[in-house]
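Please read the structure below before turning to the comments.
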Amino acid sequence: MSENRSESETGLPAVDATGLPDHVTAGAIRESAARERREKLRMFLTNWQGLTGLILVVLFFASAIFAPWIAPYDPNALDVPSRLSGPTWDHLAGTDQLGRDTLSRILYGGRVALKIAAIGVSVALVAGLVLGMIAGFGPRWLDNLLLLAFDTVRAFPTIVLALAMVALTGPSLEMVLAIVIITSIPQYARVARTATLTLRNTDFILAERSLGASMARTLLHHVMPNVVGPLLILAAMDLPVVVTVEAGLSFLGLGVLPPTASWGTILNEGYLVIRDAPLMVIAGGIPLVLTTLGFTFLGEALRDIFDPRMGKGR
Amino acid sequence: MLYYLTKRLGLSAAVIGLVVLVLFSLLHLIPGDPATIALGPRATPEAIARYAEKMHLDEPVWRQFLIYIGNALTGDLGLDVFSNRPVTAIIMERIGFTLALVCAGMGWAMLLGIPLGCLAAVKPGSWLDRVTGVLSVGTIAVPSFLVSIWALLIFAVQLRWLPAIGAGEPGQLGDQLSHLVLPAFAIGLSWVGYLARMVRASMLEVMGENYIRSARAFGLHPQRVIFGYALRVAILPTITLIGMGFGGMISSTVFAEIIFARPGIGKLIFDAVMARNFPIVQGAVLVATGLYILVVLFSDILIAWFDPRVRESL
Chain A
0 MSENRSESET GLPAVDATGL PDHVTAGAIR ESAARERREK LRMFLTNWQG LTGLILVVLF
60 FASAIFAPWI APYDPNALDV PSRLSGPTWD HLAGTDQLGR DTLSRILYGG RVALKIAAIG
120 VSVALVAGLV LGMIAGFGPR WLDNLLLLAF DTVRAFPTIV LALAMVALTG PSLEMVLAIV
180 IITSIPQYAR VARTATLTLR NTDFILAERS LGASMARTLL HHVMPNVVGP LLILAAMDLP
240 VVVTVEAGLS FLGLGVLPPT ASWGTILNEG YLVIRDAPLM VIAGGIPLVL TTLGFTFLGE
300 ALRDIFDPRM GKGR
Chain B
0 MLYYLTKRLG LSAAVIGLVV LVLFSLLHLI PGDPATIALG PRATPEAIAR YAEKMHLDEP
60 VWRQFLIYIG NALTGDLGLD VFSNRPVTAI IMERIGFTLA LVCAGMGWAM LLGIPLGCLA
120 AVKPGSWLDR VTGVLSVGTI AVPSFLVSIW ALLIFAVQLR WLPAIGAGEP GQLGDQLSHL
180 VLPAFAIGLS WVGYLARMVR ASMLEVMGEN YIRSARAFGL HPQRVIFGYA LRVAILPTIT
240 LIGMGFGGMI SSTVFAEIIF ARPGIGKLIF DAVMARNFPI VQGAVLVATG LYILVVLFSD
300 ILIAWFDPRV RESL
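Chains as they are written, first to last, in numbering that gives the first Met the number 0: chain A, 0 to 313; chain B, 0 to 313.
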C-alpha cells in the first residue's frame, strides 16, 4: 500500500482503504458509533421541544389504542335527556345533539385518525421510496416521466383533488386513504430520488455494479439503507398533515361517515350547533391541535439532530 | 434566461395538459355509464341524454378528450346540469370573492410575518425572537379550518364583533370588508408563522455574509442594511415558499369559504359535489388548479430573474 510507505516520510498515521488509521480496530469503530448514538440520545433528551413532542405523540397512540378501555361511554350510546350539555362530572367534555358523550367520541375518533395516518403514511412512504429510487437510478426518460407525474399530482391543491374524487365515488374511509396516499407519494419520491442521484456515482455503488450486482440487489441492499433515513423524518412531518386532511374531509362530510366518531365528524356536528353548544367545536379541535403540535415538535427535533442540512430550504 | 423561460413554460403547459387529462379520465376510470356517474342517481333521463350529447359520449374516448381540451382552450367548460348556464360564466361570477380572500389573507400574513422574521433575526435570542418562535410554531400547529371555526365561534358567535356568514351586500364596500376580515384572518394566520420562520432563517444566514459587514462598516444606517441589503437576498427562499405553499392556501380558502358561507370558487365546488353537478366540479377544479400552477410558475420565474444560478438547475 502506497499510503503505508509514505508514513515515514510525512509522519502521519497510516491510512488503509477504509480511510481510517491502522490502529483503529472494529471494536473501536463500534464504540465510536455507540458514543455517537449516546450523544444523539443526549441531544434529544435535552431538547424540550422533542420531548414534548414525544410525550404528545405517545399520548396520541396510547389514547387511540386503549380507547375501548378508557372511554367512559360507548361512543354511539344515546342519552337524549342530557343532550348538548356543557362539561359535567358525568360528561367531562359535554354531549352532542344526540346526547352522545363527546370525550368518548374524541377517544374513538383518535382510532380513525391513527388508522388513516399509519396506513396512509406507510404505504405512501414505501411507494414513494420505490418510485424515487427508480427515478434516480433508471434511464433518463423514465426519470423525466416520473417527475412530470409527480409534478402533476402536486399541481392539485389537496382538498380540491379530494373534492373532485369524492364527487364521483362518494365519501368513504377508503377514499380518504386513497387521497392521502396519492397526494403524499410525490414528496417522498422526490427526496428519495435526490438521495439516489447523489449515491448513484459514489465509489461503493460503482464497485457493486462493476462486480456484477443486479439493479434490484444494488437498490435494495446498498441504496435503500442510505435513502430511508430522511424519508422517516419526512414521515414524522407528514403525519400531522395526514391527520388534518382526514379531519378536514370528515368535517366537510366527505370522509368518515356518521355515526362513526372522528375528530372531523365531531367538528362537523359541533359546527351545526355552534350557537347552542360551543363546547363541541372546542373539545373536538383540541386533540387535533395537540397531535399536530406533537408530531411537528418531534419531527423537527429528529431533523435537527439527525439531518441538520434538511432544515435549510424549509 | 430565455432558455430557462421556454423550458419552464413548457413544463407548466405539460402539467396543465396532464391535469386536464386527469380531470377528464376521472369520469371514465370509474366503472359504469359516465353520464349517470357525472350527474348522480337523481338525474332525469333527459338531463343524462343532454349531457351525453354535449360531452359526445358516443364518440371514442380519445376524441372526447380532444373535444374537451379544445373546448377548454376556447373557454367553454360545459353547461351547469341544473340551470343549463355556461360553467365559465358561473366561475367568473365567483372567482372575484376567492381572489379577494386569497390576496387579503396572504397580504396581512406578509405584512406581519416578514418584518417579524427580520426583527427576530436582527436580535437572535431577544424576547421578540422568542415570542416569534413560539408564535410561529403555535400558528403552524393549528390547522386552518380549525382557525376558521374557532374564529367564527369567538368573534362572530360569542363577541358578535363581525358578521359570521356571507360576503356582504354587493356595492357596499364597508360591509364587504367586514365580511372579509374573519376568513382572511383564518387563512393567513399560519402563514404569519411560516413566513416569520423562513425570513428569520435566511436573514440569519445572510447577515453573516461579508458584504453585509462591509455595508455596516461603511456606516450605513442599520435599517438600511437590514431592509435594503439583507432582506433583498433573504427574501428569495421565501418567494419559493409562498409559491409552493399557495396550494395549501387554496385548500384553506376552500374551508374558509364553506365555513363562512362565502360564495367563492371553493364553496362553488363543494356545493356542486353535494348536488352531484360534475361539470361545475370539473371546470372549477381546473380553474383552481390552473391558478396554483400559474402562481408557482410566476414565483419560479421571479426567482430565476433574481438569482441566475437557479436558471442552470432546470
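Just so you know, even glycine gets a beta-carbon here, dropped at the ideal spot from N, CA and C.
- request: Just the C-alpha distance for B:Glu-92 and B:Tyr-67, rounded to the nearest angstrom, thanks.
  value: Residue numbering aside, residue 92 of chain B sits at position 93 when the second sequence is read from its first letter. Residue numbering aside, residue 67 of chain B sits at position 68 when the second sequence is read from its first letter. In a straight line, the C-alpha of B:Glu-92 is about 22 angstroms away from that of B:Tyr-67.
- request: Would you list, in sequence order, the uninterrupted alpha helix (DSSP H) runs of no fewer than 4 residues that lie entirely inside the segment 19-80 of chain A?
  value: Complete alpha helix (DSSP H) runs here, min 4: 25-44, 47-64, 66-69.
message: In whole angstroms, give me the CA-to-CA distance for A:Pro-277 and B:Ala-155.
response: By 1-based counting over the first sequence, the position of residue 277 of chain A is 278. By 1-based counting over the second sequence, the position of residue 155 of chain B is 156. Between A:Pro-277 and B:Ala-155, the C-alpha separation is close to 12 angstroms.
- prompt: Under the three-state reduction of DSSP, which class applies to A:Thr-201: helix, strand or coil?
  reply: Indexing the first sequence from 1 puts residue 201 of chain A at position 202. The DSSP-derived three-state label of A:Thr-201 is coil.
- prompt: If we ignore side chains and look at the alpha-carbon of each, how far apart do B:Ile-186 and B:Trp-304 end up?
  reply: Residue numbering aside, residue 186 of chain B sits at position 187 when the second sequence is read from its first letter. Residue numbering aside, residue 304 of chain B sits at position 305 when the second sequence is read from its first letter. A direct Cα-to-Cα measurement between B:Ile-186 and B:Trp-304 gives close to 29 angstroms.
- prompt: Taking only runs of the alpha helix (DSSP H) that begin and end inside the segment 215-281 of chain B, which ones reach a length of at least 4 residues, in chain order?
  reply: Counting only runs of 4 or more, we get 230-258, 264-273.
query: Is the beta carbon of A:Gly-109 sitting closer than 7 angstroms to the one on A:Ala-63?
result: Counted from its first residue, the first sequence places residue 109 of chain A at position 110. Counted from its first residue, the first sequence places residue 63 of chain A at position 64. Cβ distance < 7 angstroms, so A:Gly-109 and A:Ala-63 count as in contact.
- request: Give the single residue among A:Val-152, A:Ala-32, A:Ala-161 whose Cα lies nearest to the Cα of A:Arg-189.
  value: For the purposes of this step, residue 189 of chain A is identified with residue 190 of the first sequence, where counting begins at 1. The option with the nearest alpha carbon to A:Arg-189 is A:Val-152.
- request: Please report the residue range of the alpha helix (DSSP H) in which B:Asp-174 lies.
  value: Translated into the one-based positions of the second sequence, residue 174 of chain B becomes position 175. Taken as a continuous stretch (DSSP letters only), the alpha helix (DSSP H) holding B:Asp-174 covers 172-206.
message: Going by C-alpha to C-alpha distance, which of B:Pro-123, B:Val-141, B:Tyr-2, B:Val-60 sits closest to A:Leu-292?
response: Counting from 1 along the first sequence, the entry for residue 292 of chain A is found at position 293. Of the candidates B:Pro-123, B:Val-141, B:Tyr-2, B:Val-60, the one whose C-alpha sits nearest the C-alpha of A:Leu-292 is B:Val-141.
- prompt: Do you know offhand how far B:Leu-22's Cα is from B:Phe-217's?
  reply: Here the question's residue 22 of chain B lines up with position 23 in the second sequence. Here the question's residue 217 of chain B lines up with position 218 in the second sequence. Roughly 58 angstroms separates the two Cα atoms.
Contacts that B:Ile-238 makes with chain A (C-beta to C-beta distance below 9 angstroms): If you number the second sequence from 1, residue 238 of chain B lands on position 239. B:Ile-238 does not reach chain A, its nearest Cβ partner there being about 13 angstroms away, counting only Cβ pairs nearer than 9 angstroms.
- prompt: What's the gap between the Cα of B:Arg-49 and the Cα of B:Asn-276?
  reply: The residue given as residue 49 of chain B occupies position 50 in the second sequence. The residue given as residue 276 of chain B occupies position 277 in the second sequence. Straight across, the Cα-Cα distance linking B:Arg-49 with B:Asn-276 is about 14 angstroms.
message: Quick check: is the beta carbon of B:Pro-142 nearer than 7 angstroms to any beta carbon in chain A?
response: Taking the second sequence and counting its residues from 1, the one referred to as residue 142 of chain B is at position 143. Chain A contact via Cβ: present.
task: Starting from B:Ile-36, find everything on chain A with Cβ-Cβ shorter than 8 angstroms and list it in chain order.
output: Here residue 36 of chain B corresponds to residue number 37 of the second sequence, with the count starting at 1. Within 8 angstroms Cβ-Cβ: Leu-167.
- request: Note down, in chain order, all residues in the segment 162-186 of chain A with a beta-carbon under 9 angstroms from any beta-carbon belonging to chain B.
  value: Within the segment 162-186 of chain A, the residues whose Cβ lies closer than 9 angstroms to some Cβ of chain B are Leu-162, Ala-163, Met-164, Val-165, Ala-166, Leu-167, Thr-168, listed in chain order.
message: One question on the structure: do B:Val-286 and B:Thr-237 come within less than 7 angstroms of each other, judged by their Cβ atoms?
response: Within the second sequence, the letter at position 287 stands for residue 286 of chain B. Within the second sequence, the letter at position 238 stands for residue 237 of chain B. No, the pair does not count as a contact, with Cβ atoms beyond the cut-off.
N-terminal and C-terminal residue of the alpha helix (DSSP H) that B:Trp-149 is part of: Locating residue 149 of chain B in the second sequence gives position 150, where the first residue counts as 1. Membership of B:Trp-149 in the alpha helix (DSSP H) is indicated by the continuous run 143-150.
task: Can you have a look at A:Asp-95 and say buried or exposed, based on whether 16 or more other CB atoms are within 10 angstroms of its CB?
output: For this step, residue 95 of chain A is matched to residue 96 along the first sequence. By the 10 Å Cβ count, A:Asp-95 comes out buried.
field: Where B:Tyr-291 meets chain A, residues with beta-carbon distance less than 7 angstroms
entry: In the second sequence, residue 291 of chain B corresponds to position 292, counting from 1. Under the 7 angstroms cutoff, chain A gives Ala-154, Pro-156.
- prompt: Which ranges would you report for the alpha helix (DSSP H) in the segment 5-83 of chain B if only whole runs of at least 4 residues count?
  reply: Fully enclosed alpha helix (DSSP H) runs of no fewer than 4 residues occupy 33-38, 44-53, 60-72 of the segment 5-83 of chain B, in order along the chain.
query: Which residue's Cα is closest to the Cα of B:Thr-239: B:Ala-229, B:Val-280, B:Val-294?
result: The residue labelled residue 239 of chain B in the question sits at position 240 within the second sequence. Among B:Ala-229, B:Val-280, B:Val-294, the Cα nearest to that of B:Thr-239 belongs to B:Val-294.
- request: Could you please tell me which residues of the segment 260-273 of chain A, in chain order, have their CB closer than 7 angstroms to any CB of chain B?
  value: Under the 7 angstroms Cβ criterion, the segment 260-273 of chain A contributes Leu-266, Tyr-270, Ile-273.
field: Pairwise C-alpha distance: A:Asp-142 and A:Ser-249
entry: On the first sequence, position 250 is the one that residue 249 of chain A refers to. On the first sequence, position 143 is the one that residue 142 of chain A refers to. Going by the C-alpha atoms only, they are around 36 angstroms apart.
- request: Let me know if A:His-220 comes out buried or exposed under the rule of 16 or more other beta-carbons within 10 Å of its beta-carbon.
  value: Here residue 220 of chain A corresponds to residue number 221 of the first sequence, with the count starting at 1. Classification of A:His-220: exposed, given that the 10 Å Cβ count is below 16.
- prompt: What does A:Asp-100 pair with, by DSSP beta-bridge criteria?
  reply: Taking the first residue of the first sequence as 1, we reach residue 100 of chain A at position 101. Looking at the DSSP assignment, A:Asp-100 forms a beta bridge with A:Thr-94.
- prompt: Considering A:Thr-139, what are the terminal residues of the alpha helix (DSSP H) in which it resides?
  reply: If you number the first sequence from 1, residue 139 of chain A lands on position 140. A quick correction: the sequence has Arg, not Thr, at residue 139 of chain A. For A:Arg-139, the uninterrupted alpha helix (DSSP H) segment begins and ends at 139-154.
query: Skipping 5 residues on each side, what residues in its chain have a beta carbon closer than 7 angstroms to that of B:Ala-34?
result: Taking the first residue of the second sequence as position 1, residue 34 of chain B is located at position 35. Shown here for B:Ala-34: same chain residues with a beta carbon closer than 7 angstroms to its own, the five before and five after excluded, namely Ile-47, Tyr-50, Ala-51, Leu-56 in chain order.
field: Neighbour list for B:Thr-87 in chain A, Cβ cutoff strictly below 7 angstroms
entry: The residue labelled residue 87 of chain B in the question sits at position 88 within the second sequence. The contact set of B:Thr-87 on chain A, defined by CB atoms closer than 7 angstroms, is empty, because the minimum CB distance reaches about 18 angstroms.
Whole-angstrom distance between B:Glu-58 and B:Thr-252, CA atom to CA atom: Residue 252 of chain B sits at position 253 when you count from the first residue of the second sequence. Residue 58 of chain B sits at position 59 when you count from the first residue of the second sequence. Looking at the backbone, the Cα of B:Thr-252 and that of B:Glu-58 are separated by about 38 angstroms.
field: Nearest to B:Ala-255 (by Cα), restricted to the options B:Leu-151, B:Val-18, B:Gly-132, B:Val-80
entry: Residue 255 of chain B sits at position 256 when you count from the first residue of the second sequence. It is B:Leu-151 whose Cα lies nearest to the Cα of B:Ala-255.
message: With a threshold of 7 angstroms between beta-carbons, can B:Thr-138 be considered close to chain A, or not?
response: Locating residue 138 of chain B in the second sequence gives position 139, counting from the first residue. Under the 7 angstroms criterion on CB atoms, B:Thr-138 is classed as non-interfacial with respect to chain A.
query: Considering only residues of the segment 200-230 of chain A, which uninterrupted alpha helix (DSSP H) runs meet the minimum length of 4 residues and lie entirely inside it, listed in chain order?
result: Along the length of the segment 200-230 of chain A, whole alpha helix (DSSP H) runs at least 4 residues long occupy 202-209, reported in chain order.
task: Say whether chain A places a C-beta atom closer than 7 angstroms to the C-beta of B:Leu-25.
output: Translated into positions along the second sequence, residue 25 of chain B becomes position 26. So, interface residue.
- prompt: Listed in chain order, which residues of the segment 145-156 of chain B have Cβ atoms closer than 8 angstroms to some Cβ of chain A?
  reply: Listed in chain order, the positions of the segment 145-156 of chain B with a beta carbon within less than 8 angstroms of a beta carbon of chain A are Leu-145, Ile-148, Trp-149, Leu-151, Leu-152, Val-156.
- request: Output the distance between the C-alpha atoms of A:Pro-224 and A:Val-240, rounded to the nearest integer angstrom.
  value: In the first sequence, residue 224 of chain A corresponds to position 225, counting from 1. In the first sequence, residue 240 of chain A corresponds to position 241, counting from 1. Each residue's Cα considered, the two are about 25 angstroms apart.
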